Amino acid sequence: MSIEIKSAESCKYDIVSLGEVMLRLDPGEGRVRTARSFRAWEGGGEYNVARGMRKCFGLRAGVVTAFADNEVGHLVEDFIMQGGVDTSWIQWKPYDGLGREVRNGLNFTERGFGIRGAVGVPDRGLTAASQMKVGDVDWEKLFGEEGVRWFHTGGIFAALSETTPEFVIEAVKAAKKHGTIVSYDLNYRPSLWKSIGGHAKCQEVNREIAKYVDVMIGNEEDFTACLGFEVEGVDENISKIEIDAFKKMIESAVAAFPNFQATATTLRAVKTATVNDWGAIAWHAGEFHESKQYPELEIMDRVGGGDSFASGLIYGFLTTGDPAKAVNYGAAHGALAMTTPGDTSMVTVKEVEKVMGGGGARVVR
Numbered sequence: 001m002s003i004e005i006k007s008a009e010s011c012k013y014d015i016v017s018l019g020e021v022m023l024r025l026d027p028g029e030g031r032v033r034t035a036r037s038f039r040a041w042e043g044g045g046e047y048n049v050a051r052g053m054r055k056c057f058g059l060r061a062g063v064v065t066a067f068a069d070n071e072v073g074h075l076v077e078d079f080i081m082q083g084g085v086d087t088s089w090i091q092w093k094p095y096d097g098l099g100r101e102v103r104n105g106l107n108f109t110e111r112g113f114g115i116r117g118a119v120g121v122p123d124r125g126l127t128a129a130s131q132m133k134v135g136d137v138d139w140e141k142l143f144g145e146e147g148v149r150w151f152h153t154g155g156i157f158a159a160l161s162e163t164t165p166e167f168v169i170e171a172v173k174a175a176k177k178h179g180t181i182v183s184y185d186l187n188y189r190p191s192l193w194k195s196i197g198g199h200a201k202c203q204e205v206n207r208e209i210a211k212y213v214d215v216m217i218g219n220e221e222d223f224t225a226c227l228g229f230e231v232e233g234v235d236e237n238i239s240k241i242e243i244d245a246f247k248k249m250i251e252s253a254v255a256a257f258p259n260f261q262a263t264a265t266t267l268r269a270v271k272t273a274t275v276n277d278w279g280a281i282a283w284h285a286g287e288f289h290e291s292k293q294y295p296e297l298e299i300m301d302r303v304g305g306g307d308s309f310a311s312g313l314i315y316g317f318l319t320t321g322d323p324a325k326a327v328n329y330g331a332a333h334g335a336l337a338m339t340t341p342g343d344t345s346m347v348t349v350k351e352v353e354k355v356m357g358g359g360g361a362r363v364v365r
């Protein structure tokens with residue numbers, strides 16, 4: 001039995017994401033601490049999923065977020081428009097000229113190489129998106145009048161401030177009211193929760209949000225930290241999890257949250273910053289589905305690989321209804337996204353399907 005999704009004809013959007021979009025400043029092959037120039041991108045865990053759905057898979061995508069109304073905010077907006085994601089639901093907040101009251105988020109990110117891991121230095125205090133609160137968005141218009149087939153958000157946005165958890169809950173309740181499928185990527189970041197209640201608050205918020213989620217996404221740490229489900233079989237040396245142990249944890253999660261129609265995770269073994277074993281597993285309707293494995297995957301930029309997995313997974317469910325195909329779309333898209341710089345995917349659906357089918361890396365002429 002596949003997930004019941006509203007028809008494309010009945011909705012304006014195939015997917016809408018809720019989350020913060022930051023300006024990523026990338027020193028390329030160098031380091032943040034010694035950089036003299038940066039390449040600018042846009043990026044944000046929840047947004048990256050919608051962007052991948054539009055740019056790679058060609059579906060109709062929108063984003064709900066907020067920016068301070070200044071040149072930096074409009075630069076990020078320009079990146080979003082270049083990615084083809086609808087900007088109608090972006091909120092603009094008056095800028096005070098200093099950033100004392102509201103500003104736009106920055107994310108300095110270096111890619112890592114070999115034994116040197118990737119490093120991210122977010123600068124996102126007092127951002128417009130973090131100040132979003134209940135009542136800011138007309139969800140009835142979005143979900144009830146315009147129509148959305150799939151709504152995606154996650155634990156990064158929920159952790160940004162004391163107001164964003166209730167805002168997320170308001171959004172997912174409205175989505176469920178109107179028959180929109182809700183996916184949520186737990187994306188545990190302990191540093192974000194630290195100032196608003198820590199681990200206890202993280203579990204309280206995420207367990208409440210989980211009641212309204214159809215498709216839950218996260219790795220073993222996410223399920224443990226955010227939802228309180230323990231897992232055995234983790235090899236701390238290479239961050240590899242035993243699949244059977246993960247399956248047992250998912251079964252516990254599904255029993256606690258019977259509203260979950262599907263769950264999914266990437267399975268990553270980190271050998272070096274630039275070589276990972278990569279794969280994925282999904283649960284749906286009582287069965288587990290493992291993706292094709294990508295051993296010793298060479299990585300240029302790992303940031304956004306999980307988000308690209310999520311967009312491929314969602315695309316698979318939207319277009320095929322087959323969880324086995326969905327998890328393979330996700331794994332292939334995530335793998336390919338990590339072969340290019342930046343948070344977002346630069347590949348096409350044809351390239352994704354070529355990799356799914358076992359296609360190699362011979363030159364295409």
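In terms of UniProt numbering, the sequence shown opens at residue 1 and continues consecutively. Ideal Cβ placement from N, Cα and C applies to all residues, glycine included. Since we're looking at a predicted model, the values are computed, not measured.
Cβ neighbours of residue i in the same chain (closer than 7 Å, five flanking residues each side left out)
i    : result
G83  : R51, R54, K55 and T344
S239 : With a pLDDT of 43 at S239, under the threshold of 50, the modelled position of this residue cannot be trusted; read the value that follows with caution. Excluding residues within five positions, the ones whose Cβ falls inside 7 Å are R268, A269 and V270.
F38  : L25, D26 and P27
N276 : R268, A269, V270, L297 and I299
P94  : D69
R103 : A68, L126 and T127
Residue i, DSSP secondary structure in three states
i           : result
Q293        : coil
Y188        : coil
S345        : coil
E168        : According to the sequence shown, residue 168 is Val rather than Glu. Helix at V168.
E145        : helix
M22         : strand
M300        : coil
H178        : coil
I115        : coil
Q91         : strand
V49         : helix
L98         : coil
N206        : helix
residue 369 : The structure shown does not extend to residue 369, since the chain is modelled only from 1 to 365, so the question has no answer here.
G198        : helix
A128        : coil
Pick from the options that is closest to residue i, judged by C-alpha positions
i    : options                   : result
D185 : E77, F309 and E290        : F309
W193 : E170, S161, E166 and E208 : S161
R100 : G112, D78, L75 and T127   : T127
M132 : Y315, E20 and P323        : E20
P165 : R207, P190 and A262       : R207
G97  : V72, F108, T265 and S291  : V72
G154 : S195, V213 and P341       : V213
A337 : M356, P323, V303 and Y315 : V303
V182 : L75, R124, F143 and P190  : F143
C11  : I243, R124 and K141       : K141
P323 : H333, V355, A282 and G358 : A282
R111 : V32, Q91, A66 and C226    : V32
G135 : T163, R124, E145 and E146 : T163
A159 : G45, A8 and M346          : G45
T266 : N328, K248, K177 and A200 : N328
T65  : L75, N107 and S17         : S17
G105 : A40, M81 and H284         : A40
F113 : Q91, N107, E29 and I90    : E29
I15  : A255, F108 and W89        : W89
Cβ distance (whole Å) where residue i is taken to contact residue j below 8 Å
i    : j    : result
A118 : V148 : About 33 Å separates the two Cβ atoms, so there is no contact after all.
F317 : A326 : 5 Å
W150 : E170 : 18 Å between Cβ atoms; not a contact.
A280 : A264 : 7 Å
N48  : D301 : Incorrect: roughly 12 Å between the Cβ atoms, too far for contact.
V168 : F157 : 7 Å
F288 : K248 : That pair is no contact at about 11 Å.
Same chain, Cβ closer than 8 Å to residue i, five either side skipped, listed in chain order
i    : result
I115 : T272 and A273
D78  : none
Y188 : G155, C202, G218, E221, D222, A225 and C226
Burial state of residue i, where buried means 16 or more other Cβ atoms lie within 10 Å
i    : result
Q293 : exposed
V121 : exposed
K350 : exposed
E42  : buried
R24  : buried
A129 : buried
T87  : exposed
P341 : buried
D244 : exposed
T34  : exposed
T320 : exposed
G358 : exposed
Neighbourhood of residue i by C-beta, 6 Å cutoff - its chain only, sequence neighbours within 5 removed
i           : result
A335        : W278, Y294 and L297
A210        : F257
Y13         : R60, G62 and V148
E236        : Reliability fails at E236, whose pLDDT of 48 lies under 50, so the model's placement of it is uncertain and no value is given.
S252        : F229
residue 368 : Since the first residue of the chain shown is 1 and the last is 365, residue 368 is not available in this structure.
E290        : I281
F57         : Y315 and V349
H333        : S308, G312 and V352
H284        : A262 and P323
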